[in-house]
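For the sequence shown, position 165 (counting from the first letter as 1) is numbered 165 according to the working numbering, and the numbering increases by one without interruption.
The beta carbon of each residue, even a glycine, is placed where N, CA and C say it ideally should be.
Computed from a predicted structure; not experimentally measured.
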Amino acid sequence: PRSPSLPFFPSVLPSPSRLGERFLQLEAARAALEAISAERLEAAWRGAVEDALGPPGAALRDAMASTLRLSSRGLTTGLVTVLEGARSEDALRLLTTARRAGPGSALVLLAANVPGLAVQVLLPAIALRRPLLIKSSSREPHFARFFLDALARREPVLGEAFAATSWPGGDVDRDRVALDAASRVVA
1 PRSPSLPFFP SVLPSPSRLG ERFLQLEAAR AALEAISAER LEAAWRGAVE DALGPPGAAL
61 RDAMASTLRL SSRGLTTGLV TVLEGARSED ALRLLTTARR AGPGSALVLL AANVPGLAVQ
121 VLLPAIALRR PLLIKSSSRE PHFARFFLDA LARREPVLGE AFAATSWPGG DVDRDRVALD
181 AASRVVA
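In structure tokens form, the structure reads like this:
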């Protein structure tokens, strides 16, 4: 269900057929993704990190603290740690040094116990120009979607080549479609 204060969270579970269509759309965006320069990707990435840590991310952090049952201070400390590492020069060097991935898109299944974990799979996927669907934990469905929306505001192709959603674990129909559609799975 959608919370009115969280417009970045999708309001409906994707149907299995819609999930399969989304994988096709991700792969269709590959050529446009490959055309984006490392400098533009870095600018989009830095801006999305700033959004997550700054005032635009306030509602996100409140929602995450509530759903994860963390104190606001504990959540912020965890996010800062993860996001500071994701915007370090060593991390951002991936955007200019990574080799391009071959065809196919990837599926990443995230756990809920590390705030901001999505950035650790997103940065390499962006650097490799590998389209990606993130299945967030139903306990923490907010961060990946927020971060991808922040990236897509800066580089719209990133919103076509990367997606985040959530569905309850053990949903055989959705799991089967996602696992069959992805050429790589990270769990």
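*asked:* Buried or exposed, going by whether 16 or more other CB atoms sit within 10 Å of the CB of residue 145?
replied: Against the sequence shown, residue 145 aligns to sequence position 145. By the neighbour-count rule (16 or more Cβ atoms within 10 Å), residue 145 is buried.
*Hey, how far is the Cα of residue 183 from the Cα of residue 68?*
As a first step, residue 183 is located in the sequence shown; it is residue number 183 there, counting from the start. As a first step, residue 68 is located in the sequence shown; it is residue number 68 there, counting from the start. Spanning the two alpha carbons is a distance of roughly 31 Å.
*Those runs of the alpha helix (DSSP H) which lie wholly inside the segment 29-78 and span at least 4 residues*: The qualifying runs are 30-34, 38-53, 58-68.
*What residues in its chain sit with their C-beta under 8 Å from that of residue 72, if we drop five residues either side in the sequence?*
Translated into positions along the sequence shown, residue 72 becomes position 72. For residue 72, where only same-chain residues beyond five positions count, the Cβ hits under 8 Å are 61, 62, 65.
*If you draw a straight line from the alpha carbon of residue 23 to that of residue 152, how long is it in whole angstroms?*
As a working mapping, residue 23 is identified with position 23 in the sequence shown. As a working mapping, residue 152 is identified with position 152 in the sequence shown. Those two C-alpha atoms are separated by around 17 Å.
_Using a 10 Å radius around the Cβ and a threshold of 16 neighbouring Cβ atoms, would you call residue 179 buried or exposed?_
Here the question's residue 179 lines up with position 179 in the sequence shown. So residue 179 counts as exposed.
*Evaluate contact between the segment 154-166 and the segment 88-95, counting only Cβ atoms and requiring at least three cross-stretch pairs below 8 Å.*
Result no; under three Cβ-Cβ pairs closer than 8 Å.
*asked:* Taking the straight line between their C-alpha atoms, what separation do you get for residue 25 and residue 160?
replied: Working through the sequence shown from its first residue, we reach residue 25 at position 25. Working through the sequence shown from its first residue, we reach residue 160 at position 160. Those two C-alpha atoms are separated by around 7 Å.
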